[in-house]
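Input: a single structure, listed below in structure tokens.
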Amino acid sequence: MDLQRLTIGQMAKLNRISQQTLRLYDREGLLTPMITDPNTGYRYYHIIQSARLDMIQYMKDYGMTLKQIRQQLDEGNTESIKQFLQEQNGAIDRQIEDLNRRKRSISRTLDNYWQYDALPKDGQMFMEYIPERYIYRYTSEKDFFDQDYAGYEYMLRELKMHLASNDLAMSYFCNVGTIMRRQDLLDGTFSAHEVFLFVDPEDESFQPEKIPAAMYYCICSDDFYAERDNARRLLDRIQESGFEVCGDYMCEVLVEFPVFEDDQRNMFYKIEIPIVSKK
């Protein structure tokens with residue numbers, strides 16, 4: 004092998020890249036064979052051109068486009084390379100943060116599926132200890148208990164638009180619910196103007212609100228229009244069992260199914276009312 008007259012195949016093999024890539028770099032003016040045989044017109048690379056090829060591959064791995072690489076090679080300006088790398092470093096940090104947020108969202112959704120598999124689905128009431136959680140509340144002009152499916156969807160659109168307009172992460176939108184203030188529950192007015200989503204306590208963009216750990220009386224259902232009746236049944240059971248309500252009512256959507264009857268959302272929810280023993 005003549006290291007001063009390398010064929011495109013030899014150059015590609017030595018640098019572990021394809022011949023097609025070398026031809027692309029040639030067309031883009033990034034790396035042109037150094038030697039042209041005057042008799043045959045064949046072109047050859049010199050082994051020292053591997054240094055330039057290494058630089059091209061470094062820059063490509065940093066995230067530069069071929070146009071940007073060509074500009075850097077033409078200008079030879081290390082300051083502009085440093086500025087690009089600083090910007091790219093920040094962009095990667097943001098991507099990592101977004102990927103971690105998505106991973107946490109996926110983990111929460113998987114946890115909800117495990118819960119769905121284990122929880123009673125026949126309107127049975129049960130007690131459950133739930134560790135502390137963090138939520139983000141949004142207040143709507145609409146009252147959930149005065150709405151049908153259309154009104155509920157509108158409340159969710161309000162929340163979604165609010166998230167988007169405030170550059171808040173949309174990955175949390177998969178796990179939402181409604182809140183009824185404790186007094187509205189106890190008074191029997193059944194009014195819920197707040198929707199919420201679970202968030203990570205370290206996500207500063209939300210200013211999350213902590214929901215303390217507590218014992219809850221719960222009931223699950225997949226019947227959207229049965230929530231009011233289920234809530235009343237649950238409240239009656241709490242009072243009959245010698246407990247009292249110690250916080251706000253929450254209805255959490257655990258799972259949404261990819262089945263749409265009449266284009267309506269198909270979901271499985273869990274009503275949660277925090278309780279303590281009566282003194």
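Counting with the numbering used here, you get residues 4 to 282 for the letters of the sequence shown. Glycine residues also receive a C-beta, built at the ideal position from the N, C-alpha and C atoms. Remember, it's a predicted structure, so these values are computed and weren't measured experimentally.
When MET164, SER208, GLU247 are compared against GLN186, the one with the closest alpha-carbon: When C-alpha distances from GLN186 are compared across MET164, SER208, GLU247, the shortest belongs to GLU247.
Pair within 9 Å by beta-carbon distance, ARG104 and ASP40: Taking 9 Å as the Cβ cut-off, ARG104 and ASP40 do not qualify as a contacting pair.
Backbone secondary structure at THR10 - three-state DSSP: In this structure, THR10 counts as coil in the three-state DSSP scheme.
C-beta atoms of GLU259 and ASN269 nearer than 9 Å: With a cutoff of 9 Å on beta-carbon distance, GLU259 and ASN269 are scored as near each other.
C-beta contact flag for MET253 and ILE214 at 9 Å: In this structure, the beta-carbon distance from MET253 to ILE214 falls below 9 Å.
Pair within 9 Å by beta-carbon distance, GLU131 and GLU275: Yes, Cβ-Cβ distance for GLU131 and GLU275 is below 9 Å.
Contact between the stretch 165 to 175 and the stretch 210 to 229 (3+ Cβ pairs under 8 Å): Contact between the stretch 165 to 175 and the stretch 210 to 229 is not established, with fewer than three Cβ pairs separated by less than 8 Å.
Cβ pair count under 8 Å reaching 3, the stretch 93 to 101 against the stretch 119 to 128: Remark: fewer than three beta-carbon pairs, one from each stretch, lie closer than 8 Å, so the stretch 93 to 101 and the stretch 119 to 128 are not flagged as touching.
Buried versus exposed call for ILE109 [16 or more other C-beta atoms within 10 Å across all chains shown]: Residue environment: ILE109 is assigned as exposed (fewer than 16 neighbouring CB atoms within 10 Å of its CB, all protein chains considered).
Selected residue, minimal CA-CA separation from GLY44, among ILE50, ILE51, PRO36: The candidate whose alpha carbon is nearest that of GLY44 is PRO36.
Other residues of its chain near HIS49: CB distance less than 8 Å, five sequence neighbours each side excluded: So the list reads LEU6, GLN7, ARG8, LEU9, MET37, ILE38, once near-sequence residues are dropped.
C-beta contact flag for ILE72 and ILE59 at 9 Å: Taking 9 Å as the Cβ cut-off, ILE72 and ILE59 qualify as a contacting pair.
Among TYR28, ARG26, MET128, SER21, nearest to LEU238 - alpha-carbon criterion: Put simply, of TYR28, ARG26, MET128, SER21 the residue whose alpha carbon is nearest the alpha carbon of LEU238 is MET128.
Per DSSP, the bridge partner or partners of LEU200: Beta-bridge analysis with DSSP links LEU200 to TYR139, VAL179.
Rounded C-alpha distance that separates ASP64 from LYS106: In this structure, the straight-line span from the alpha carbon of ASP64 to that of LYS106 is close to 25 Å.
Helix, strand or coil at ILE99 according to DSSP, with G and I counted as helix: Reduced to three states, the DSSP call for ILE99 is helix.
Helix, strand or coil at ILE59 according to DSSP, with G and I counted as helix: The answer is helix: DSSP assigns ILE59 an H, G or I state.
Proximity to LEU27 [Cα-Cα], best of LYS70, PHE176, PHE147: Ranked by Cα distance from LEU27, the options LYS70, PHE176, PHE147 are led by LYS70.
Cβ-Cβ distance between GLY180 and TYR116 below 9 Å: No; because the gap between Cβ atoms is not below 9 Å, this pair is not in contact.
Cα-Cα separation, ILE11 to TYR137: Here the alpha carbons of TYR137 and ILE11 stand approximately 60 Å from one another.
Identity of the residue in MET62, TYR47, ASN18 nearest SER53 by Cα: Taking each of MET62, TYR47, ASN18 in turn and checking the Cα distance to SER53, the smallest one comes out for ASN18.
The beta strand (DSSP E) enclosing ILE222, as first and last residue numbers: ILE222 -> beta strand (DSSP E) spans 217 to 224.
Separation of MET62 from ALA15, as counted between CA atoms: Going by the C-alpha atoms only, they are around 18 Å apart.
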